[in-house]
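Colleague: Sequences listed follow chains A and B, in order. Residue numbers for the first sequence follow this note's numbering, so the first one is 28 and each next one is one higher. Residue numbers for the second sequence follow this note's numbering, so the first one is 1475 and each next one is one higher. Glycine included, each C-beta is placed from N, C-alpha and C at the ideal position.
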Amino acid sequence: MRHLISTADLDAISANLLLDTAERLKQALLGREVRKLPTLRGRTVVTLFYEDSTRTRVSFEIAGKWMSADVINVSARGSSVAKGESLRDTAATLAAAGADCVIIRHPASGAAQRLVDWGGSINLAQRAPSVVNAGDGIHEHPTQALLDAATLRERLGSIAGRRIGIVGDVLHSRVARSNVFLLTTLGAEVVLIAPPTLLPVGVADWPCQVGHHLDAELAGLDAVMMLRVQAERMRGGFFPSAREYSIGYALTQRRLDMLPEHAVVLHPGPMVRGMEIASLVADSPRSAVLEQVRNGVHVRMAVLYHLLAGAPEDRG
Amino acid sequence: MSSILIKSARPYGDDPVDVVLRDGVIAEVGNRLAAPSGAEVIDADGLIALPGFVDLHTHLREPGGEDAETIETGSAAAALGGFTCVFAMPNTDPVADSAVVVEYVYRRGREVGLVDVHPVGAVTVGLAGERLAELGTMASCPAGVRMFSDDGKCVHDPLLMRRALEYATALDVVIAQHAEDPRLTGGAQAHEGAVAARLGLTGWPATAEETIVARDCALAREAGAALHVCHVSSAHTVAVLRAAKAAGIHVSAEVTPHHLLLTDAVLSSYDPINKVNPPLRTGADTAAMRAALAEGVIDCVATDHAPHPPEAKDCEWAAARSGMLGLQTALSVLVHTMVESGLLDWRGMARVLSERPAQIAGLADQGRPLEVGEPATLTLIDPDAAWTVRSDRLASVATNTPYEGMRLPARVVATVLRGRVTARDGEVRW
């Protein structure tokens, strides 16, 4: 593995390898006084974030540091053409300065892929950095899907054959896209549940089912993944009101009771309590929200490990 | 004025004949014609001769965008592409919304002299879509503007579009609409469909084009005006055009070479070289474009030649400007999509590249038959040649061709404008 841009690039073997590695790293760190592995000593990891993020950035930073990589955080602002340095120049600068890995979050879909392609054309003495997509526009967020899968595997024992509902603003969700491809690769059945206005035109081509009525789906689900209703991306008019959205799609106590006993509740965070998910549900033992965060660190350690560890010739 | 003898050319692909050009007109057509003294002899040896191409839709970027194209470089690209006449869209800086700017463009075109450059005037002041520009002044000034458009933006206010169409009838000019309802394309980045959904690119629904065209056809009917639809991209729009034409509405339409060839399948690299407005659509749409062009529902081909400097494309998709070069690749893409597929013969090519666009714009001396007494304005084509597109070898300042590295059929061997060779064997005759 050279880069991680999309979960669609992962086959079942490589996805499971990442999840197994995350599990092993988790065990290795369990109960340790000093949570530090020497694996990535001497490697330089840059997080390049063009969007606000607390959990993802912190998670990558901790993952790098627990593996002894030098982690540098770069916050960038604004679009490339409008003002300041272009994305390409920023990427070239980081590469020339010696970054082994660039973890990028960017508001434009495809920004991570562009970094990969530019890396191939930059004339440098050393090899171009590995690129990890930490969220590009409304395209993908592959490490989020991996941590969701890790959490589901832990809670349910397995993913193959499970039925997983993804609920809410699929249209603007990079989490939904990454999960649809990863979970189906791992053998799960995915059903997207949203009002038609929050589903992309063309969703029929995705390897999943689509429904509009949450109540009708609940009894058949092994897990329900609530998506953030991304207010800042809303251009208005996708649904009549927050109240009506809640009536149709919020995960309330009543709906929690309609799920099978074993079913798990996931949320990528940050949660909008009330509108998306009732506080009682978010804090219930059925909710795996904090496990997701914990697994996020291990999954990202696994990703960095597979991108950066090992002899350079293995990484070509 | 010097003379030219073209030996053994095939007008419209018909049997080979010799053609003598003298004093800017076609003087003789026949077999074994003698070269007038001092004449340049072009041994066409079976090359196809068509009337010079007319492009109703280019962006020559001057004034204001000279880092991407100038009237001089754009004229060179046009001549090399077989064009003898191009229309320059008004979204320059300053906008061509006054007699001053359109006269500048017209005069620069004349000074360069490689092709007839006709400025397109803006419909609204500053392309702002708020009030009409001085259409009458631009039409009656020396530039003699024949076509008006806010291209790049849609005249989306229905009342303003109605007024523009009505006003145009007194001037005998055509309003060319960039059909895109902006309320349906907010933030749009790609054709709304499976590819955009997968790539996380906000969709540009085909309905945003179709609904504006339907509305404008109704407005043109009531006004008795001539409407031209720029760069048709959707199969649904074709159905609207067919119905409008059947109803006797004075509407014409163009399609770009890229909407005949490329689909949104090429978007997966996120390389903005493929970003264009209207966006590349599906294979069903390109098939519909080809069929409509062959049938005549879409009247003509126009390149929407849109040069951009490297920094406008060498960035993330959302930040990139829309548009692609087209003048030097148009013929080859047309041969590939329309001739090789059997959809058009060379007479048909003359129709869509020269005759119809000249008629739509009301030009008297372009798109004329290759007959004695007609203007010596023609293009010689080698249909059997093939070439590989290299952006750094194109005449434009900008290099944003989506066909880089593609091997395409047919080559322009010579372009002649009123008896003057403007390009031959890939070289411009300045």
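Decide if T1685(B) is buried, meaning its Cβ has at least 16 other Cβ atoms within 10 Å, or exposed.
Modeller: Buried, by the Cβ-count rule.
Colleague: Please name the residues in the segment 202 to 224 of chain A whose beta-carbon is closer than 7 Å to at least one beta-carbon of chain B, in chain order.
Modeller: Within the segment 202 to 224 of chain A, the residues whose Cβ lies closer than 7 Å to some Cβ of chain B are R204, listed in chain order.
Colleague: Determine which residues of the segment 1775 to 1800 of chain B have a Cβ less than 9 Å from any Cβ of chain A, and write them out in chain order.
Modeller: Residues E1785, A1786, D1788, C1789, E1790, W1791, A1792, A1793, A1794, R1795.
Colleague: Round the Cβ separation of H1705(B) and T1676(B) to the nearest angstrom and send it over; I've been treating them as touching at under 8 Å.
Modeller: The Cβ separation is near 20 Å, so there is no contact.
Colleague: Checking the sheet assignment: what are the DSSP bridge partners for A1523(B)?
Modeller: DSSP, once it has assigned bridges, lists P1485(B), L1854(B) as partnering A1523(B).
Colleague: Along the segment 1666 to 1699 of chain B, what residues have a CB closer than 8 Å to any CB found in chain A?
Modeller: Cβ contacts with chain A come from E1666, G1667, A1668, V1669, A1670, A1671, R1672, L1673, G1674, L1675, T1676, G1677, P1679.
Colleague: Kindly list the residues whose CB is nearer than 7 Å to the CB of P1656(B), restricted to its own chain and excluding five residues on each side of it in sequence; keep chain order.
Modeller: For P1656(B), where only same-chain residues beyond five positions count, the Cβ hits under 7 Å are C1628, H1630.
Colleague: So R255(A) contacts chain B; which residues on that side make the cut at Cβ distance below 7 Å?
Modeller: Within 7 Å Cβ-Cβ: nothing; R255(A) doesn't reach chain B, min ~15 Å.
Colleague: Can you list, in chain order, the residues of its chain with a C-beta nearer than 7 Å to that of A1506(B)? Leave out the 5 residues immediately preceding and following it.
Modeller: A quick correction: the sequence has Arg, not Ala, at residue 1506(B). Once the five neighbours on either side are set aside, the close Cβ partners of R1506(B) are D1492.
Colleague: Assuming A176(A) is part of the alpha helix (DSSP H), what are its boundary residues?
Modeller: Run containing A176(A): 169 to 183, per the alpha helix (DSSP H) assignment.
Colleague: Give, in chain order, every residue of the segment 1743 to 1759 of chain B whose Cβ lies closer than 8 Å to some Cβ of chain A.
Modeller: Per Cβ criterion, the list reads S1743, Y1744, D1745.
Colleague: Could you list which residues in chain B have their beta carbon closer than 8 Å to that of Q140(A), in chain order?
Modeller: Going along chain B in sequence order, the residues near Q140(A) (Cβ under 8 Å) are S1743, Y1744.
Colleague: Taking 8 Å as the threshold (C-beta atoms), are T1598(B) and A1573(B) in contact?
Modeller: For A1573(B) and T1598(B), no; Cβs fall outside 8 Å.
Colleague: Quick one: list the residues of chain B neighbouring H133(A), beta-carbon separation under 8 Å, in chain order.
Modeller: Chain B residues near H133(A): E1790.
Colleague: Flag this pair as touching only if the segment 72 to 83 of chain A and the segment 132 to 147 of chain A have three or more C-beta atom pairs under 8 Å; answer yes or no.
Modeller: Output reads yes: the segment 132 to 147 of chain A touches the segment 72 to 83 of chain A.
Colleague: Taking all protein chains shown into account, do 16 or more other C-beta atoms lie within 10 angstroms of the C-beta of D1529(B), making it buried, or fewer, making it exposed?
Modeller: Buried.
Colleague: Can you list the residues of chain B that S102(A) reaches, using a CB-CB cut of under 9 Å?
Modeller: Near S102(A) there are no residues of chain B at all, since even the closest Cβ is about 17 Å away, more than 9 Å.
Colleague: Helix, strand or coil: how does DSSP classify R14(A) here?
Modeller: Nothing about residue 14(A) can be read from this structure; chain A reaches only from 28 to 343.
Colleague: Which runs of the beta strand (DSSP E) at least 3 residues long sit entirely within the segment 1576 to 1607 of chain B? Give them in chain order.
Modeller: Listed in chain order, they are 1590 to 1593.
Colleague: At what residue ranges does the segment 212 to 250 of chain A contain a whole run of the beta strand (DSSP E), taking only runs of 3 or more?
Modeller: The qualifying runs are 216 to 220, 236 to 238.
Colleague: Please state if the CB of A203(A) and the CB of L245(A) are separated by a distance shorter than 8 Å.
Modeller: No, the pair does not count as a contact, with Cβ atoms beyond the cut-off.
Colleague: Can you tell me where the beta strand (DSSP E) holding M1621(B) begins and where it ends?
Modeller: Per DSSP, M1621(B) belongs to the beta strand (DSSP E) from 1621 to 1623.
Colleague: Less than 8 Å between CB atoms is the rule here; does D232(A) satisfy it with respect to chain B?
Modeller: So yes, D232(A) belongs to the interface.
Colleague: Identify every residue that forms a DSSP beta bridge with L1891(B).
Modeller: Its beta-bridge partners are R1894(B).
Colleague: Determine, using beta carbons only, whether V291(A) comes closer than 8 Å to chain B.
Modeller: Answer no: the Cβ-Cβ gap between V291(A) and chain B never drops below 8 Å.
Colleague: Where does L142(A) sit, in a helix, a strand or coil, going by DSSP?
Modeller: L142(A) falls in the helix class under three-state DSSP.
Colleague: Looking at D1541(B) and P1876(B), is the spacing between their C-beta atoms short of 8 Å?
Modeller: Cβ atoms of P1876(B) and D1541(B): not closer than 8 Å.
Colleague: So is I193(A) in contact with chain B if we call contact Cβ pairs under 8 Å?
Modeller: No, no contact with chain B.
Colleague: List the DSSP bridge partners of V1729(B).
Modeller: Paired residues: V1775(B).
Colleague: Looking only at its chain, what residues have a beta carbon closer than 6 Å to the beta carbon of I1522(B), apart from the 5 residues adjacent to it on each side?
Modeller: Here the set comprises R1484, G1487, W1820, I1855, P1857.
Colleague: What would DSSP say about V1647(B), mapped onto helix, strand or coil?
Modeller: Coil, per DSSP.
Colleague: Could you tell me if E1683(B) is buried or exposed, where buried requires 16 or more neighbouring beta carbons within 10 angstroms of its beta carbon?
Modeller: Counting Cβ neighbours within 10 Å, E1683(B) comes out buried, since at least 16 surround it.
Colleague: For G343(A), which three-state DSSP category applies?
Modeller: At G343(A) the pLDDT is 37, less than 50, meaning the model places this residue with poor confidence; the figure from the coordinates comes in the next sentence. Of the three classes helix, strand and coil, the one that applies to G343(A) here is coil, per DSSP.
Colleague: Kindly indicate which three-state DSSP category F265(A) falls into: helix, strand or coil?
Modeller: The answer is coil: DSSP assigns F265(A) none of H, G, I, E or B.
Colleague: Give every residue of the same chain whose Cβ lies closer than 6 Å to the Cβ of A1501(B), excluding the five residues on either side of it in the sequence, and list them in chain order.
Modeller: Cβ neighbours of A1501(B) beyond the five flanking positions: V1494.
Colleague: Strictly below 7 Å CB to CB, what residues from chain B border I165(A)?
Modeller: Under the 7 Å cutoff, chain B gives G1674.
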